[in-house]
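A.B. asks: Sequential numbering of the sequence shown, starting at 75, is according to our numbering.
Glycine included, each C-beta is placed from N, C-alpha and C at the ideal position.
The structure follows.
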Amino acid sequence: MNTFVAMLENLETLKTEKQQLEDQGMVLFDCWIAESKPGGTARTKKAHYQLRSRQPLFAGKKSKYLKVDEVGEYQAAIARGKAIRQLEKQIAALQRRVERIEAIALEA
Numbered sequence: 075m076n077t078f079v080a081m082l083e084n085l086e087t088l089k090t091e092k093q094q095l096e097d098q099g100m101v102l103f104d105c106w107i108a109e110s111k112p113g114g115t116a117r118t119k120k121a122h123y124q125l126r127s128r129q130p131l132f133a134g135k136k137s138k139y140l141k142v143d144e145v146g147e148y149q150a151a152i153a154r155g156k157a158i159r160q161l162e163k164q165i166a167a168l169q170r171r172v173e174r175i176e177a178i179a180l181e182a
């Protein structure tokens, strides 16, 4: 029974971690930042940054140009999205284990 209580406590801590990550700011899922350097006869060789997504998120478009000072903010949002996705998987697995244990306890 002690392990069951520990699993429930672990489930609650994972949920609070997820909530804390969501409260930190913007969260982006399935996005990445693409860097491209201009070719041809461009005046400067500065990199251009684009935020890209698999689904249209940015006013119906799948990409959005970023300013250089916005890149760090969006990288943090992408990292939060990845961390939240991982926490959701852990929460789902733990909930399935808890439900199985409760079902076995009800049968006994």
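What does DSSP give as the partner residues of PHE132 in its beta bridges?
C.D. replies: DSSP output for PHE132 lists LYS135 as bridge partner(s).
A.B. asks: Between ILE184 and the rest of its own chain, which residues show a CB-CB distance below 8 Å, the 5 nearest in sequence each way excluded?
C.D. replies: Here the chain comprises residues numbered 75 to 182, so residue 184 is not present and cannot be evaluated.
A.B. asks: Does the beta-carbon distance from LEU102 to GLY155 come in below 7 Å?
C.D. replies: Yes, the pair counts as a contact, with Cβ atoms nearer than the cut-off.
A.B. asks: According to the Cβ coordinates, are ALA121 and LYS111 closer than 7 Å?
C.D. replies: Cβ atoms of ALA121 and LYS111: closer than 7 Å.
A.B. asks: Hey, how far is the Cα of THR87 from the Cα of VAL142?
C.D. replies: Going by the C-alpha atoms only, they are around 36 Å apart.
A.B. asks: Less than 7 Å between the beta carbons of LEU161 and GLU91, yes or no?
C.D. replies: Contact: yes.
A.B. asks: For ALA80, tell me which candidate among LEU168, ARG174, ALA177, ALA182 has the shortest Cα-Cα distance.
C.D. replies: Looking at the Cα atoms, LEU168 is the closest of the given residues.
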